[in-house]
Amino acid sequence: MVEYSLITILTGTILGFIAGSSLTWTSPEITYLNQTDTGPFDGTLTSSDGSWIGGVLSIGAAVGPFLYGYLASLIGLKYTILASTVPFAVSSVISAFANTVAEFLVARLITGIGVGGAFAILPMYIAELAQDEQRGVLGTVMNCFICFGLIFTYVSGYFISKVMAFNLLLAGIACCFFLLFFFIGSESPFYYVQKKQIGMARKTLAKLRNTSEDSVEKELQGIIEEIQKEEKGNIFQIFKSKGTVKAFIIGAGLVFFQQASGINAVLFFAQDIFKQAGTSLEPGYCSMIIGSVQFGTSFITPLASNTFGRKFLLITSGIGMALSESILGIYGILREKNEESVSSLAFLPILSLVLYIITYNIGFGPLPWAVIGEVFPSSVKSSASALSTSICWITSFIITKWFGQVAASLGQGPCFMGFALFSLLAAAFTQFVVLETKGKSLAEIQVDLNK
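Going by this note's numbering, the first residue of the sequence shown is number 29, and it counts up by one from there.
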């Protein structure tokens with residue numbers, strides 16, 4: 029019999045699909061916004077306006093974690109996940125009927141709030157509901173749903189050219205998830221213990237494990253002891269103990285390097301990257317190829333994380349991203365100097381980006397979020413996850429805005445060489461700073477961090 033915890037976690041991670049579909053919205057929609065028969069701007073949308081529509085999501089995503097982190101401690105993780113669907117539905121409806129740049133900016137800002145909330149809350153939800161031996165696998169499943177959302181937008185956005193129809197579809201998906209999770213989702217037993225509702229915590233834990241209340245007494249006592257020995261802290265409490273400081277450095281460092289590797293520059297502007305690279309294949313189809321590769325390879329890490337461990341996969345990922353981006357950077361630089369010199373290598377941008385997506389997906393795509401869900405104690409989990417996620421999206425905003433400006437003035441080649449350098453630094457950071465969490469309980473991880 030399938031454990032209820034597995035059912036509720038997988039249902040909750042559908043929110044990752046919704047967030048993923050929002051991330052790549054820019055790639056097909058920016059083109060349609062500027063076409064006479066599909067969007068409102070009739071060719072008047074400037075490159076600056078387009079970059080702001082693409083980048084403003086990251087500003088909202090930097091704010092969202094704090095809002096939803098506070099809600100999680102106030103109303104619990106289940107209802108916080110439900111609340112995080114509201115920005116997606118509202119922003120999609122606004123986008124469906126928007127006619128000005130300002131309206132699209134507001135819509136994408138609201139979308140960002142939902143994205144930031146999803147990335148902060150889902151790792152916490154998975155870590156608190158999953159059993160220790162399942163936590164590593166389930167922590168990376170979130171990335172599978174995100175990648176499914178990416179390819180969904182690439183494909184459906186390409187074939188549904190009407191801006192209104194596509195955005196109303198996204199709004200409908202958010203509403204359906206709200207109803208589904210309302211009836212299936214479970215609250216975290218950690219939340220009930222924090223609220224002194226031990227009976228509800230015991231009952232919930234027994235339901236999650238498909239067993240009797242007596243059988244979960246040992247696990248429940250472990251949760252109670254963990255929470256009792258931790259002083260409930262605000263954001264400043266993160267920096268008051270050795271263990272939480274180390275956890276924050278690990279979590280914030282991983283998400284910083286995740287974004288500094290250039291992933292959102294690739295996702296947000298995939299079609300433009302292929303167009304500028306001079307490939308013969310239509311950019312829309314290239315984006316679908318990238319999305320398909322990302323979705324397909326997203327299943328590698330759930331199978332490999334408990335076998336090889338987090339550190340090995342992260343280091344391999346960093347080195348692989350550096351190699352693929354270096355190839356793409358060199359190609360871009362050579363093409364800028366002499367286009368004919370690389371005319372026979374038109375396949376190289378696609379091949380390099382496919383390699384980049386594969387290596388990103390085995391490590392720095394899913395694992396930073398899984399590790400964030402593991403390394404923070406309950407006392408600061410909400411605030412620390414929020415701060416780490418906010419750093420992620422601030423970095424994303426800087427990178428996406430920087431990418432557009434530098435690519436316009438210097439070309440895409442130097443941009444990808446910069447991303448390659450950060451990817452190499454990411455591998456070094458993992459080797460010397462990141463703690464291996466494979467097979468450890470949340471309590472054991474805290475002991476290791478405080479050594």
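Yeah, the Cβ is synthetic: ideal placement off N, Cα and C, and Gly gets one too.
Practice task
Below 8 Å on the Cβ atoms is my guess for residue 152 versus residue 102; work out the distance and round it to an integer in Å.
Solution key: Position 124 of the sequence shown, counted from the start, is the residue given in the question as residue 152. Position 74 of the sequence shown, counted from the start, is the residue given in the question as residue 102. The Cβ separation is near 14 Å, so there is no contact.
Problem - residue 80: first and last residue of the uninterrupted alpha helix (DSSP H) it sits in - result: Position 52 of the sequence shown holds residue 80. 75-103 is the span of the alpha helix (DSSP H), which, as asked, contains residue 80.
Handout entry: The alpha helix (DSSP H) enclosing residue 235, as first and last residue numbers
Key = Along the sequence shown, read from residue 1 onward, the residue named residue 235 stands at position 207. Under the DSSP assignment, residue 235 falls in the alpha helix (DSSP H) whose first and last residues are 226-237.
Problem - Buried or exposed (CB count within 10 angstroms, at least 16 for buried), residue 339 - result: For the purposes of this step, residue 339 is taken as residue 311 along the sequence shown, with counting starting at 1. The residue is buried, with at least 16 neighbouring Cβ atoms inside 10 Å.
Practice task
Could you check how far apart the C-beta atoms of residue 97 and residue 398 are, in whole angstroms? I think they sit under 8 Å.
Solution key: In the sequence shown, residue 97 corresponds to position 69, counting from 1. In the sequence shown, residue 398 corresponds to position 370, counting from 1. Contact flag wrong, Cβ pair sits at about 18 Å.
Problem - Start-end ranges of the alpha helix (DSSP H) lying completely within the region 395-469, minimum 4 residues - result: The region 395-469 contains these whole alpha helix (DSSP H) runs: 395-403, 409-438 and 440-461.
Problem - CA nearest to the CA of residue 455, picked from 378, 348 and 404 - result: The residue you call residue 455 lines up with position 427 of the sequence shown. Taking the Cα of residue 455 as reference, the smallest distance to any Cα among 378, 348 and 404 is reached at 348.
Practice task
Indicate whether the contact test is met: 3 or more Cβ pairs, each with one atom in the region 447-454 and one in the region 169-183, closer than 8 Å.
Solution key: At 8 Å Cβ cutoff, the stretches do not touch.
Practice task
Given a cut-off of 8 Å, decide if residue 333 and residue 164 are closer than it, judged by their beta-carbon atoms.
Solution key: Stepping through the sequence shown from its first residue, residue 164 is reached at position 136. Stepping through the sequence shown from its first residue, residue 333 is reached at position 305. Yes, these two residues count as a Cβ contact at 8 Å.
Exercise for the section: Have a look at residue 219 and residue 400 and give me their C-alpha separation to the nearest angstrom. Expected result: For the purposes of this step, residue 219 is taken as residue 191 along the sequence shown, with counting starting at 1. For the purposes of this step, residue 400 is taken as residue 372 along the sequence shown, with counting starting at 1. So the alpha carbons of these two residues sit roughly 18 Å apart.
Problem - Any 3 or more C-beta pairs closer than 8 Å across the region 351-359 and the region 313-333 - result: Contact between the region 351-359 and the region 313-333 is absent: fewer than three C-beta pairs spanning the two stretches fall below 8 Å.
Problem - When 391, 186 and 416 are compared against residue 284, the one with the closest alpha-carbon - result: Locating residue 284 in the sequence shown gives position 256, where the first residue counts as 1. Answer by Cα proximity: 416.
Exercise for the section: Give me the Cβ distance between residue 326 and residue 389, rounded to the nearest whole Å; I'm assuming they're in contact under 8 Å. Expected result: Within the sequence shown, the letter at position 298 stands for residue 326. Within the sequence shown, the letter at position 361 stands for residue 389. 5 Å between Cβ atoms; contact.
Handout entry: Local Cβ density within 10 Å of residue 436, reported as buried at 16 or more and exposed below that
Key = To locate residue 436, count along the sequence shown from 1; it is residue 408. With a 10 Å radius around the Cβ and a threshold of 16 neighbouring Cβ atoms, residue 436 comes out exposed.
Problem - residue 460 burial status per 10 Å Cβ neighbour count (16 or more: buried) - result: Numbered from 1 along the sequence shown, position 432 holds the residue referred to as residue 460. Residue 460 is exposed by the Cβ-count criterion.
Problem - residue 384 to residue 377 span [Cα, whole Å] - result: The residue labelled residue 384 in the question sits at position 356 within the sequence shown. The residue labelled residue 377 in the question sits at position 349 within the sequence shown. Distance between the alpha carbons of residue 384 and residue 377 is about 10 Å.
Exercise for the section: Give the straight-line distance between the Cα atoms of residue 55 and residue 310, rounded to the nearest whole angstrom. Expected result: For the purposes of this step, residue 55 is taken as residue 27 along the sequence shown, with counting starting at 1. For the purposes of this step, residue 310 is taken as residue 282 along the sequence shown, with counting starting at 1. A direct Cα-to-Cα measurement between residue 55 and residue 310 gives close to 13 Å.
Problem - C-alpha distance - residue 37 paired with residue 60, whole-angstrom precision - result: Against the sequence shown, residue 37 aligns to sequence position 9. Against the sequence shown, residue 60 aligns to sequence position 32. Whole-angstrom Cα-Cα distance: 36 Å.
Handout entry: Cα-Cα separation between residue 146 and residue 74, rounded to whole angstroms
Key = Stepping through the sequence shown from its first residue, residue 146 is reached at position 118. Stepping through the sequence shown from its first residue, residue 74 is reached at position 46. The alpha-carbon atoms of residue 146 and residue 74 are separated by roughly 31 Å.
Exercise for the section: With DSSP as the reference, label residue 30 as helix, strand or coil. Expected result: Counted from its first residue, the sequence shown places residue 30 at position 2. Secondary structure of residue 30 (DSSP, three-state): coil.
Problem - Distance CB(residue 396)-CB(residue 282) smaller than 8 Å - result: For the purposes of this step, residue 396 is taken as residue 368 along the sequence shown, with counting starting at 1. For the purposes of this step, residue 282 is taken as residue 254 along the sequence shown, with counting starting at 1. In this structure, the beta-carbon distance from residue 396 to residue 282 falls below 8 Å.
Practice task
Mind checking which residues open and close the alpha helix (DSSP H) that includes residue 171?
Solution key: Residue numbering aside, residue 171 sits at position 143 when the sequence shown is read from its first letter. Element bounds for residue 171: 160-187.
Handout entry: Residue closest to residue 467, alpha-carbon to alpha-carbon, out of 252, 166, 196 and 200
Key = Position 439 of the sequence shown, counted from the start, is the residue given in the question as residue 467. That would be 166, whose Cα lies nearest to the Cα of residue 467.
Problem - residue 354 - containing alpha helix (DSSP H), residue span - result: Along the sequence shown, one-based indexing puts residue 354 at 326. Annotation: the continuous alpha helix (DSSP H) that includes residue 354 extends over 338-365.
Handout entry: Length of the line joining the Cα atoms of residue 266 and residue 238
Key = Position 238 of the sequence shown, counted from the start, is the residue given in the question as residue 266. Position 210 of the sequence shown, counted from the start, is the residue given in the question as residue 238. The alpha-carbon atoms of residue 266 and residue 238 are separated by roughly 35 Å.
Exercise for the section: Could you tell me which of 402, 462 and 47 sits nearest to residue 198, measuring between CA atoms? Expected result: Along the sequence shown, one-based indexing puts residue 198 at 170. With distances taken between Cα atoms, residue 198 lies closest to 47.
Exercise for the section: Return the first residue and the last residue of the alpha helix (DSSP H) that residue 142 is part of. Expected result: Along the sequence shown, read from residue 1 onward, the residue named residue 142 stands at position 114. Going by DSSP, residue 142 is part of the alpha helix (DSSP H) stretching over 129-157.
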